[in-house]
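Protein chains in written order, with full-length UniProt numbering: chain A, 1 to 342; chain B, 1 to 342.
Notes follow once the structure below has been shown.
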DNA sequence: GGATCCTCCCAAACCGCTTTGAATTACAAC
DNA sequence: GTTGTAATTCAAAGCGGTTTGGGAGGATCC
């Protein structure tokens, strides 16, 4: 069922039918009504490939999700994508998604762009030595970064939360509670967000004249066992931490598991603050959340990213847009004053 | 840079250039070489919309991910998609993904199909009263179900794990260990997989002449707090369970958290078996996994689903294919003999 | 009455690729 | 020298829409 058949059924030209369906003004109300009704009756739906070819727009946004070396799929991506997907369906766009190993990420962006499979792309998980912005520039594809690429803060469009500030505040909170040995369980620090969180952590310490202890700082893919193993090592170590600052709820669950297993009570014997991306399957809410946390919804970030990309960047690709999301610092049950006999 | 320009630069017809690039035999080796080199030199990439229009194939598979009433994004979907995505890039297909509220799932499939945005689709999360197969049939779109739609086992293509058998075996294991009060924390039982798991659980009990206790059976979206709250309620109840059978690692973590908090030891005081989808951010591996589990990798399921859909179903949509994945029953640290003074 | 302006509709070009059907050339066979 | 065959190459016709540039008919204005 194509336009031609529909127009023949109506004894109208394809032009008129097309215009009627797409809301152009140079069609009488009566004709439009007739067209719309007939289209519905015989179940006409425009072929999207043909439309894309004719208009030159793909009406799709590309996402490339990297799978890390260790085959880890970060659930944060999924939640971001859920937010973006909601916005896409509202705005009439499609999402074309590629899930590829780290090493093929650039190639995937190149493909989406040069084959015109997407009008624009979202850059996920920027690294401190990222080069994707250059590739996308030469390809002429508008894009928005979820996070920031160092050195590209002004020139590029991005949406990001204030990682450094959030972790500085979290660290301050622990320091205010009297903690001095604070462990940082971070994500991989070649990722920009993790590097920023570390800087925030370090800044809070140095602001009070404290030094950082490399034995208490780790980075890895943020799995549950990563949290558990790190906590076990550190708590069994010579000079154990009294508090943990963790980059992900998932790893924080591992930390909590180990603390309980050792017969310690979280929030009393050991404090934990985690970053909470507000993942839907790990709600940490209510009046008195399980974990004290810095919270920023990635799902909302995804939604805003899609909106910004479609509404601001596509119509005007040369004006960079920036959006800051402040993380909330929310007090829960997992923090309390330090009781260590310093 | 399009075909026409490329062919002019080579003083060849578009036909020949197209054939040379697409590997057709009726082009001399020398000409092909010349074409390929020039294409690379001037950076020609075929416009995929045009190609799709001309060939009539979208070279894309559609996925529609439902977001449940409670706004929950099931991470299982993401992992499935990671597996499928790997296969798609290998096979030259794209994935077009829609994330929509439960109520709009049908419409999303309809759109993908009637607008020819995808050559085939994957049906996620079948329910016991699902109707998507009918819609897709009338639209004439090949599809593969991840799971099964009751009554459609023979006629449709699907890939599924043996949910009933896995949960029956898990229950048997607990019964063998002497447990008699076993709680089932299931997913929502209007989902086919959850209904099957429940049947497996009940079958194991009735096989030994035991009856089920409604107070020990719950169903919900499988979040961490769901596990925690259910465990807390039940353990504080009049006649607490000595073992838990949980449909998801995420909820199992919640169960484990509560058990530890109550000063009980998991595996000794209370046993837990969980289904383990082998989510990459929740590894439960090693010689002696944290959780005793029934394990079946959804990522592998995603990969196989994509392969089956592209290699078997697309060329021959009328021959249904079925693939069974058996779950392994893996003994970990979370199960042990029942010590309850019955 | 004629020029001007809308309103509404249409034929045809175009988007960039694939594919059909045919033409050209070269060479061997008869 | 004609014919048959294989190897190359090409012009043109789609694929199914959108968009350009008119054109017909009626109303408005001098």
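Ideal Cβ placement from N, Cα and C applies to all residues, glycine included.
These numbers were taken from a predicted model, which means no experiment stands behind them.
Going by beta carbon distance, what residues of the same chain come within less than 8 Å of residue i, once the five residues before and after it are set aside?
i              : result
residue 273(A) : 170, 173, 174, 243, 244, 245, 246, 291, 292, 293, 294, 334 and 335
residue 342(B) : Low local confidence applies: a pLDDT of 49 at residue 342(B) is under 50, so the model's placement there is unreliable, and no value is given.
residue 60(B)  : 93, 94, 95, 96, 117, 118 and 119
residue 298(B) : 76, 79, 80, 83, 277, 278 and 279
residue 177(A) : 243, 271, 335, 336, 337 and 338
residue 348(B) : In the structure as shown, chain B begins at 1 and stops at 342. Residue 348(B) is therefore absent and cannot be evaluated.
Among the residues of its own chain, which have a CB less than 7 Å from the CB of residue i, if the five just before and after it don't count?
i              : result
residue 5(B)   : none
residue 222(A) : 187, 247, 248, 250 and 251
residue 330(A) : 289, 292, 293 and 295
residue 73(B)  : 67
residue 323(B) : 159, 304 and 308
residue 39(A)  : 6 and 21
residue 234(B) : 183, 216, 240 and 241
residue 110(A) : 135 and 139
residue 253(A) : 224 and 227
residue 17(B)  : 3, 6, 7, 10 and 35
What does residue i touch in chain A if you count any residue whose Cβ is under 8 Å from its own?
i              : result
residue 119(B) : By Cβ distance, chain A contributes nothing, its closest Cβ being about 11 Å from residue 119(B), past 8 Å.
residue 222(B) : 281
residue 227(B) : In chain order: nothing, as chain A lies at least about 11 Å away.
Could you give the first and the last residue of the continuous alpha helix (DSSP H) run that contains residue i?
i              : result
residue 203(A) : 192–207
residue 271(A) : Segment 271–276 is the beta strand (DSSP E) holding residue 271(A); no alpha helix (DSSP H) there.
residue 84(A)  : 75–91
residue 135(A) : 132–139
residue 42(B)  : 29–42
residue 23(A)  : Looking at the DSSP string, residue 23(A) is not in any alpha helix (DSSP H), and its letter there is neither H nor E.
residue 113(A) : 105–114
residue 46(A)  : Note, residue 46(A): premise wrong, no alpha helix (DSSP H); not H, not E.
residue 10(B)  : 3–10
residue 227(A) : 224–236
Given that residue i touches chain B, what residues does it touch there, using C-beta distances under 8 Å?
i              : result
residue 58(A)  : 49
residue 260(A) : 257, 260 and 261
residue 74(A)  : 281
residue 253(A) : 224, 253 and 257
residue 89(A)  : 98, 99, 100, 104 and 108
residue 79(A)  : 73
residue 250(A) : 281 and 282
Can you tell me where the beta strand (DSSP E) with residue i in it begins and where it stops?
i              : result
residue 97(A)  : 94–101
residue 263(A) : From DSSP, residue 263(A) is part of no beta strand (DSSP E); its letter is neither H nor E.
Rounded to whole angstroms, how far is the Cβ of residue i from the Cβ of residue j, which I believe are closer than 8 Å?
i              : j              : result
residue 36(A)  : residue 50(A)  : Not confirmed; about 20 Å, so no contact.
residue 123(A) : residue 98(A)  : Not confirmed; about 13 Å, so no contact.
residue 197(B) : residue 164(B) : 7 Å
residue 228(B) : residue 270(B) : In fact, because the Cβ distance is near 13 Å, the residues do not count as touching under 8 Å.
residue 12(A)  : residue 47(B)  : 30 Å between Cβ atoms; not a contact.
residue 121(B) : residue 89(A)  : Not quite, the Cβ-Cβ distance comes to about 16 Å (not below 8 Å), so this is no contact.
residue 128(B) : residue 150(B) : 5 Å
Can you list the residues of chain B that residue i reaches, using a CB-CB cut of under 7 Å?
i              : result
residue 114(A) : 45
residue 94(A)  : 96 and 117
residue 82(A)  : 67, 73 and 99
residue 52(A)  : 49
So, for residue i: in the same chain, excluding its five sequence neighbours on each side, which residues have a beta-carbon less than 6 Å away from its beta-carbon?
i              : result
residue 201(B) : 167, 171 and 184
residue 52(B)  : 58
residue 326(A) : 162
Quick one: what's residue i bridged to in DSSP?
i              : result
residue 145(A) : 123(A) and 158(A)
residue 295(B) : 276(B) and 328(B)
residue 281(B) : Paired residues: none, contrary to the question.
residue 323(B) : 159(B)
residue 185(B) : 218(B) and 246(B)
residue 65(B)  : 99(B)
residue 54(B)  : Answer is none; residue 54(B) lacks a bridge partner.
residue 60(B)  : 94(B)
By the criterion of Cβ-Cβ separation under 9 Å, what are the contact partners of residue i in chain A?
i             : result
residue 85(B) : 65, 67, 97, 98, 99 and 100
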